[in-house]
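Here the protein sequences come in this chain order: D and S.
Residue 129 in my numbering sits at position 129 of the first sequence, with consecutive numbering throughout.
Residue 342 in my numbering sits at position 87 of the second sequence, with consecutive numbering throughout.
Comments concern the structure below.
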Amino acid sequence: MLPILQIGPLALQAPGLIFLAGLWLALSLSERNAAHRGINPNLIYSLVLAGLAGGLIGARLGYVLRYPAAFAASPLSIFSPNPGLLDLWGGLVGAALVSLVYGQRKGLALWPTLDTLTPGLALMGVALGLTQLASGSAFGSPTELPWGIELWGARRHPTQIYASLAAALILVLLRPQGRPAQRLQDLAPGLLFWAFIAFSAAARLLLEAWRGDSMLIFGSLRQPQTVAWLVLALSLWAFGRIYQHSRGTILTTEG
Amino acid sequence: MDNRPDLHTLLNPRAWTMFSLAVLLLGAAWIWLSAAPSGATTNGGIPAPRAGFLAPDFSLADAEGNSITLSDLRGQGVLVNVWASWCTPCQAEMPAMQRVYEEYKDQGFTILAVNATNQDSQSAAQQFAAEKGLTFPILYDVDDSVSRSYNVTALPTSFFIAPDGTIREVIIGGPMAEALLRVRVEQLFEER
Numbered sequence: 001m002l003p004i005l006q007i008g009p010l011a012l013q014a015p016g017l018i019f020l021a022g023l024w025l026a027l028s029l030s031e032r033n034a035a036h037r038g039i040n041p042n043l044i045y046s047l048v049l050a051g052l053a054g055g056l057i058g059a060r061l062g063y064v065l066r067y068p069a070a071f072a073a074s075p076l077s078i079f080s081p082n083p084g085l086l087d088l089w090g091g092l093v094g095a096a097l098v099s100l101v102y103g104q105r106k107g108l109a110l111w112p113t114l115d116t117l118t119p120g121l122a123l124m125g126v127a128l129g130l131t132q133l134a135s136g137s138a139f140g141s142p143t144e145l146p147w148g149i150e151l152w153g154a155r156r157h158p159t160q161i162y163a164s165l166a167a168a169l170i171l172v173l174l175r176p177q178g179r180p181a182q183r184l185q186d187l188a189p190g191l192l193f194w195a196f197i198a199f200s201a202a203a204r205l206l207l208e209a210w211r212g213d214s215m216l217i218f219g220s221l222r223q224p225q226t227v228a229w230l231v232l233a234l235s236l237w238a239f240g241r242i243y244q245h246s247r248g249t250i251l252t253t254e255g
Numbered sequence: 256m257d258n259r260p261d262l263h264t265l266l267n268p269r270a271w272t273m274f275s276l277a278v279l280l281l282g283a284a285w286i287w288l289s290a291a292p293s294g295a296t297t298n299g300g301i302p303a304p305r306a307g308f309l310a311p312d313f314s315l316a317d318a319e320g321n322s323i324t325l326s327d328l329r330g331q332g333v334l335v336n337v338w339a340s341w342c343t344p345c346q347a348e349m350p351a352m353q354r355v356y357e358e359y360k361d362q363g364f365t366i367l368a369v370n371a372t373n374q375d376s377q378s379a380a381q382q383f384a385a386e387k388g389l390t391f392p393i394l395y396d397v398d399d400s401v402s403r404s405y406n407v408t409a410l411p412t413s414f415f416i417a418p419d420g421t422i423r424e425v426i427i428g429g430p431m432a433e434a435l436l437r438v439r440v441e442q443l444f445e446e447r
């Protein structure tokens, strides 16, 4: 049994608490990283909070637009605290729009800012795996291996732990003061961020193979793997392009 | 600094393209190799109180002693709501549940309001249901068996069960907004 904290109409469970703790740690890490890189930490903090607020509003608006009839029958539901009334894509669009506008207004450059946020994003990956472990979601396929965990009536691959370990490995590899991160940032802004996206997509592509709840397409292919493959392709292309562009600039200047 | 040329060699346009293609080819091969054989992912075959699994079956009686069995309701969308009369969020969501039940019951939607009787009293629950004019079945989980088999850790907890008997969503805590109830019921019908 996992603890549940009931605050008014909100039931905060262990997964929610782990997620909030992860978010707080990620935010602290990003602030410290910003200070180290000469970016105002308060700006990074406000940017993340603005993005979260934009994400929440976008997610609710997206949901209302998807199911207008349900809200027409009970308009007050628009303000309900139910997390079930959130649309993922609306949230992503809302968060991206608000962050972009806020960043532009405050004069934050896109790639250096994303590089600054990268260690925090990697840390969120670790927290997400632990959140899924606490809630029992993103579970693995049945296995006889000794490290299998008892979950939902079977001994299963601990895919949530695999995901957390992969995210931790990426975090260690791309840690703020580490050599790879320093070199990538010296080469060109944006490379560190795209390296993180590429590693994360590769990890998902690999680990999805042991999931027991994969959505399938074309009969037996795992849908999240195909999405991760496309993200990996995009990140490799973006990484190469940013690098070539920066080299071109350097060579032109040198020439 | 001394191994910097290696990174630059890998990152020259031709080498980078070859490297990227090799990685993507490996990725595609892995997708093919790890395609899910039938039965490798959950298709609702195992009973567990979790979205994607078969809803654990139960039989409970209402105040008049009429027994209702969950598996008899296959073919209908079902909301199993575990509640108690003293629980404020449970009280708050019941009127919305009643309105949605009235609207959808003729289309094949049922609510089973499972009272957590071991932490409530049957008379208090009956009085509450009468005051609010609830017409959906109120069942009494006297021995806590449903709460245990559904791993209920907070009140209310709601399980949306599709016509094929699989759980589509678990909502812990409340009150559920009326719009949420409507959307979820419509989604259950989409799967018929």
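From the three backbone atoms N, C-alpha and C, an ideal C-beta is built for every residue, glycine too.
**Request:** Could you give the DSSP three-state label for tryptophan 229(D): helix, strand or coil?
**Result:** helix
**The alpha helix (DSSP H) enclosing glutamate 433(S), as first and last residue numbers** = 433-445
**Prompt:** Which one or two residues does DSSP pair with phenylalanine 415(S) in a beta bridge?
**Reply:** Leu334(S) and Glu424(S)
**Message:** Please state the DSSP three-state secondary structure of valine 407(S).
**Reply:** coil
**Prompt:** What are the uninterrupted segments assigned as beta strand (DSSP E) that are 3 or more residues long and contained completely in the region 133-166 of chain D, given in chain order?
**Reply:** 149-151 and 154-156
**Message:** Once DSSP output is grouped into helix, strand and coil, what is the label at glutamine 362(S)?
**Reply:** helix
**Item:** Test: glycine 299(S) CB closer than 8 Å to a CB of chain D
**Value:** Note that glycine 299(S) scores a pLDDT of 45, beneath 50, so its modelled location is shaky; the value from the coordinates is reported in the next line. Cβ-Cβ to chain D under 8 Å: no for glycine 299(S).
**Message:** Using C-beta distances below 8 Å, list every residue in its chain close to threonine 408(S), excluding the 5 sequence neighbours before and after it, in chain order.
**Reply:** Ile427
**Item:** Delimiting residues of the beta strand (DSSP E) encompassing alanine 316(S)
**Value:** 314-316
**Request:** For arginine 156(D), I'd like the list of residues in its chain whose CB is within less than 8 Å of its CB, leaving aside the five on either flank, ordered along the chain.
**Result:** Phe139, Gly140, Ser141, Pro142, Thr143, Gly148, Ile149, Glu150 and Gly212
**Item:** Given 8 Å, three or more beta-carbon pairs between the region 165-183 of chain D and the region 235-249 of chain D
**Value:** no
**Prompt:** Going along the region 320-350 of chain S in order, which residues come within less than 8 Å of chain D, judged by CB to CB distance?
**Reply:** Pro344 and Ala347
**Request:** Could you tell me which of Pro189(D), Ile78(D) and Ala167(D) sits nearest to serine 200(D), measuring between CA atoms?
**Result:** Ala167(D)
**Request:** Report the residues of the region 415-432 of chain S with a CB closer than 8 Å to any CB of chain D, ordered along the chain.
**Result:** Glu424, Ile426, Ile427, Gly428, Gly429, Pro430, Met431 and Ala432
**Request:** Could you pull out every unbroken alpha helix (DSSP H) segment of at least 4 residues lying fully inside the region 64-122 of chain D, listed in chain order?
**Result:** 68-73 and 88-105
**Asked** What is the residue span of the alpha helix (DSSP H) that serine 275(S) lies within?
**Response** 268-288
**Asked** For isoleucine 57(D), which residues of its own chain have a beta-carbon under 6 Å away from its beta-carbon, when the five flanking residues on both sides are left out?
**Response** Gly94
**Message:** Measuring straight from C-alpha to C-alpha, what distance separates methionine 1(D) and serine 77(D)?
**Reply:** Residue confidence is low: methionine 1(D) scores 32 on pLDDT, short of 50, so the model does not pin down where it sits. Its coordinate-derived value is still stated next. In a straight line, the C-alpha of methionine 1(D) is about 31 Å away from that of serine 77(D).
**Asked** Is serine 289(S) buried or exposed, if buried means 16 or more other CB atoms sit within 10 Å of its CB?
**Response** buried
**Item:** Residue span of the alpha helix (DSSP H) that contains serine 200(D), given as start and end
**Value:** 191-207
**Asked** What does leucine 389(S) touch in chain D if you count any residue whose Cβ is under 7 Å from its own?
**Response** Neighbours of leucine 389(S) on chain D: none; closest Cβ ~18 Å, over 7 Å.
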